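Structure first, commentary second.
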Amino acid sequence: MVASLIRFSRSLALRWPLVAAAAFLLSMLFLIGNLYTSQVELRQNADARLVSIGEARATEINDFLTERRQAAARLAASEDISNYFSNLDLGMSIKYGLFANLAAIELRFQATLDQEKYQGQATYLRLAFFDRDGAPQVDVGSSSAATSSLARNNLTEPSVQIDDKRRLIMASAPVIQKAKTRGKVETVSSLNLLSSLVSTNDLGQPREFLLGDDGEVLLPIEREHSAVVAQASSLAALPSGRIQALSNLNAPELKGYLALRSPVAGTRLSVLRLASEDELYGGTLSPASVFYLGLFAIVLFVLAIGFERMRQNAARLQIKFVESNRHRAELAENNLALSQEIRRREAIEADLHRQSEALDKSNSELRIAAAAFNAQEGMIVTDTKGVILSANRAFVSLTGYTAEELVRQTARLFRSHRRDAEFYRGMWNSVRLTGGWQGEMSLRTKSGEHCARWLTISAVKNETGDVTNYIGSYYDISKLKHAEEKIQELAYFDQLTGLPNRVLLIDRVRQALNANVRSSSYGALLFIDLDNFKTLNDSLGHHMGDMLLKSAAQRISHCVRTDDTVARFGGDEFVVLLANLGTQKAKAAALQTEAIGEKILGAFTNAFQLDTYEYPCTPSIGVTLISPEDRNIDELLKRADLAMYDAKTAGRNGLRFFDPAMQTMITARAALEADLREDLKQERLLLHYQPQVDHEGRLLGAEALARWPHAQKGMISPSEFIPVAESTGLILPLGALMLKTACHQLARWSTDPATERLTVAINVSALQMRQKTFVEEVRAMVEQTGANPHRLKIELTESTLVSNVDDVIAKMDRLKAIGIGFSLDDFGTGYSSLSYLKRLPLDQLKIDRSFVKDVLVDPNDAAIAQMIIALSKSLGLAVIAEGVETEEQYAFLAQHGQLNYQGYLFGRPLPPADFESLARAFSPRRRSKQVHGSVDRTYA
Ligand SMILES: Nc1nc2c(ncn2[C@@H]2O[C@H](COP(=O)(O)O[C@H]3[C@@H](O)[C@H](n4cnc5c(=O)[nH]c(N)nc54)O[C@@H]3COP(=O)(O)O)[C@@H](O)[C@H]2O)c(=O)[nH]1
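Residue numbers for the sequence shown follow the working numbering, so the first one is -12 and each next one is one higher.
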């Protein structure tokens, strides 16, 4: 118990600020409690004092009023008045008796008026005696103080009235004689007499007011305290005898004032006493102040607790800080020891790890080596001299040798001998210098086969770095090689024929040029184009075309040596490179090349068997020699191409050598193209019109044929510039210009009776027909020029129809819908297919002039002409024979049907004006005359 007391007191000593704060708080609360009680008492005393003062004031006023009432009563009961009434009752007249009585009363009243004083002032202003009828019998004092109310005579008891307007106190008392009211006495005093009872404050301001019950301020007279006057009705309504704060009244001047209303007993008056709080409670504390004082003490206490807490925390932190410093020092010591221990252990562990890793590595290496050795790839292990020590299963099965056969052998056993000794020396040098080698190697098996392998030779070294063994692994690259070969093949060989393609050919030509420089010998290039291949391809289909190309490739290849190159250059073009003809003489080289060319031509003598078709096909061959000086491959190819073109124009199925004169032709052709382009731009090309007649020789119309009047060269033949236009695309602007000219011509002719019924046939090339906008362009031109579309005929060649025939038919249908007619030109020269012929919306077939030319001498041509006439009849088409020059040709054709005709016999192509003259003069009977008379002045 004692010990715990000691502990408690120690802990208190430690917490002295808290104890001091608690003691302070307790004493403060005690003091504040006492203060509060005393302040409350003081306030109550002040209140009581105020109440008693108020009551005293009210009593004083009441006393004054009571005195006035009693005074009036005394006067009413005076002997003089009693005598008066007695004499009156006795019938005494005024003159002889009553007058004396009244004079006595008056004397009394006057004496009272003069003598009665209140606080040094005359108590009464007026005294009056009224008889029962209210008639004044005696009236002394200021008559102005009298009021009518004094006349009332129904009084039974004394009373006091306040006339606040006139500020008068009127007391009345009845005159009772023999128990009967015979009159009354009234006294009038000034209300100001009470002013002395209403006190003012130290500054002379009123602090007491006499209020009527309606709230009028009766006193003080000055009524200076306007706020009280303004608030009088509220103040008069205050509960009596209780001190009220005026803070809730709407009067700022009365803020801070307290009021007490004390009623004057028996009257409607009350005394209002105002006192400021300071005045009343000055020197005392308000409960709020006491409360805040207490609160302040409590806050101080709380702060003291907070301070104490902080002080304790700081002390605790200080202790902890010291503690932690001590721990840290200990920890640092321990850490040092620990890290030394860790380092020691780490070193041991690393050592162990190294040992274990080395063990793992050697184990895994062993495993890998074992696995690798038994892998799919062939492996051998040799000693440093290359003697095989062991071979894995894969190697045994790859080479076909048994393991026993391989051991103690060297790699020479399965070398393919495709590499020379130099190669092997280099390989072993690399192994010795770098410890390894790798590269492609052909391996020969026991059965003599060669397999492509990727050989990797690795040197195995011992701990001291000396080579102990070599490991050779043979990775199978046959698939890789195969893919590589395939890529090579795709890149350099034509997939259809298996021949070298253009890329490889050019490479070989380049090699040949280099080699020929060294040997100064000649080579040759043969450019071979299959005649009419396109027609076959388009008519019988690509499949047949492909078959022909493959067979042709074989036939050409059989005509040359293996050292020569036969390449497919593209489409139906082949190029043969005779790299080295083994001669330094051009003539000998030309003879050799010609022999090979003839051989190739001979190889095409027999028709090709394409499925069930026997298809005759001939080549056109262009040859150029490659001299030791030649360098430009493009130039060489161009030369061979030109020679081939020459062979074609010479009638196909032939061979032509490049002639330097051809170069001139090439240049001329280029110049022609440039001129044509320019003249087309300037619209310098014209149309001539060749008559077309019916079977009776009546003029039907004309074929419009292009004419080019060249500024320097004169009129150039269409057979010269049309192929140039076709090959350069100029045929499109040319065709458009010819269409425009023909349409304008038609429109003009339509206004002349001699020509209005004539038709105009225009030639439209395949390229034009392939244009997407062709139909729209023709329509637009017809509309623009006003030409009658029913008089316009389009001549198409068979080549137009062989590709994309559906598109051509659709276009023809659309043009036919507006009235344009169609004629199939050169019919019989190509591979006309009856199947599409039936589908074409044609109006006419044209027998080519090549058949007409020999129709009388060549039974084949005659048969073809007859067949075309019969075919036209069966298809319901008109037929026109062109190139009719003689009456005999005409007669022959005429006997086979009703044909139309075109040819020199009826008229040559003429300029428009000449044609119009001809049309006007034309009559069937004058036909032959006209034939001779009409001159094609085109090329004159
Ligand atoms: N795409 C276009 N081709 C056109 C156009 N204008 C002409 N051509 C074609 O050019 C080729 C050569 O034409 P041309 O030299 O005008 O020869 C024509 C006639 O003059 C000629 N002919 C007519 N009758 C006879 C005759 O009795 N004997 C004879 N030796 N020749 C004759 O035939 C050519 C008309 O042939 P064709 O068109 O096949 O009816 C020629 O192929 C023209 O088609 C053009 O504007 N666009």
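Just so you know, even glycine gets a beta-carbon here, dropped at the ideal spot from N, CA and C. These numbers come from a predicted model, not from an experiment.
Query                                                                                                                                                                  : Result
What's the C-alpha gap between G170 and A238?                                                                                                                          : 49 angstroms
Counting only runs of 3+ residues fully inside the segment 663 to 716, write out the beta strand (DSSP E) ranges in chain order.                                       : 673 to 680, 686 to 697, 701 to 703
What is the DSSP secondary structure of D813, counted as helix, strand or coil?                                                                                        : strand
Taking only heavy atoms of ligand 1 into account, decide whether any of them is closer than 8 angstroms to the Cβ of Q889.                                             : yes
Using only alpha-carbon positions, find the residue among T605, R(-6), V251, D848 that is nearest to M631.                                                             : T605
When DSSP labels each residue in this structure, what does C604 get in the three-state scheme?                                                                         : coil
Considering only residues of the same chain and omitting the five flanking positions on each side of V172, which have a CB-CB separation below 6 angstroms?            : A59, L62, A63, F116, A160
Do you know offhand how far D453's Cα is from A408's?                                                                                                                  : 27 angstroms
Counting Cβ pairs, one atom from each stretch, are 3 or more of them under 8 angstroms apart for the segment 696 to 704 and the segment 873 to 880?                    : no
Going along the chain, which unbroken runs of the alpha helix (DSSP H) with 4 or more residues stay wholly within the segment 366 to 418?                              : 380 to 386, 390 to 393
Suppose only complete runs of 3+ residues qualify. What are the beta strand (DSSP E) ranges in the segment 196 to 251, listed by chain order?                          : 204 to 206, 244 to 250
I need the straight-line Cα distance from A590 to G557, nearest angstrom please.                                                                                       : 20 angstroms
Which class does S904 belong to by DSSP, given the choice of helix, strand or coil?                                                                                    : helix
Per DSSP, D841 forms a beta bridge with which residues?                                                                                                                : DSSP output for D841 lists no bridge partner at all.
Give me the Cα-Cα distance between D494 and A511, rounded to the nearest whole angstrom.                                                                               : 15 angstroms
Rounded to whole angstroms, what's the CA-CA distance from A502 to L467? Just pull it up for me.                                                                       : 32 angstroms
If Y509 sits next to L612, beta carbons under 8 angstroms apart, how far is it from one beta carbon to the other, in whole angstroms?                                  : 6 angstroms
Please state the DSSP three-state secondary structure of K152.                                                                                                         : coil
Between S69 and Q124, what straight-line distance do the alpha-carbon atoms span, to the nearest angstrom?                                                             : 13 angstroms
With distances taken between CB atoms, is the gap from T386 to T369 smaller than 9 angstroms?                                                                          : no
Put S(-9) into one of helix, strand or coil per three-state DSSP.                                                                                                      : helix
Sorted by chain position, which residues of the same chain lie with C-beta nearer than 6 angstroms to S135's C-beta, five sequence neighbours on each side aside?      : Unreliable placement is indicated for S135, whose pLDDT of 47 sits below 50; the coordinate value is still reported in the next sentence. Within the same chain, S135 has no close Cβ partners at all.
Would you say L937 and L827 are within 9 angstroms of each other, going by their C-beta atoms?                                                                         : An answer regarding residue 937 cannot be provided, because it is not within the stretch -12 to 927 covered by the chain.
Going along the chain, which residues of its own chain have a beta-carbon closer than 6 angstroms to the beta-carbon of D463, five neighbours each way excluded?       : none
What three-state label does DSSP hand M631 in the structure shown?                                                                                                     : helix
Taking 9 angstroms as the threshold (C-beta atoms), are L205 and L256 in contact?                                                                                      : yes
Please state the DSSP three-state secondary structure of I40.                                                                                                          : helix
Considering only their Cβ atoms, is the gap separating A634 from R643 smaller than 9 angstroms?                                                                        : yes
Nearer than 8 angstroms: is that true of the beta carbon of P705 relative to any heavy atom of ligand 1?                                                               : yes
Evaluate F942 with the Cβ neighbour count: other Cβ atoms within 10 Å of its Cβ, from every protein chain shown; 16 or more gives buried, anything less gives exposed. : Given a span of -12 to 927 for the chain in the structure shown, any question on residue 942 remains unanswerable.
Could you compute how far the alpha carbon of I781 sits from the alpha carbon of A655?                                                                                 : 32 angstroms
In the DSSP assignment, the alpha helix (DSSP H) including M768 goes from what residue to what residue?                                                                : 761 to 772
Would the C-beta of V842 count as close to ligand 1, meaning under 8 angstroms from any of its heavy atoms?                                                            : no
Judging by CA-CA distance, which residue of K372, F401, A648 is the nearest neighbour of N456?                                                                         : K372
How many angstroms separate the CA atom of E683 from the CA atom of A881?                                                                                              : 10 angstroms
Using beta-carbon positions only, say whether G641 and I608 come within less than 9 angstroms of one another.                                                          : yes
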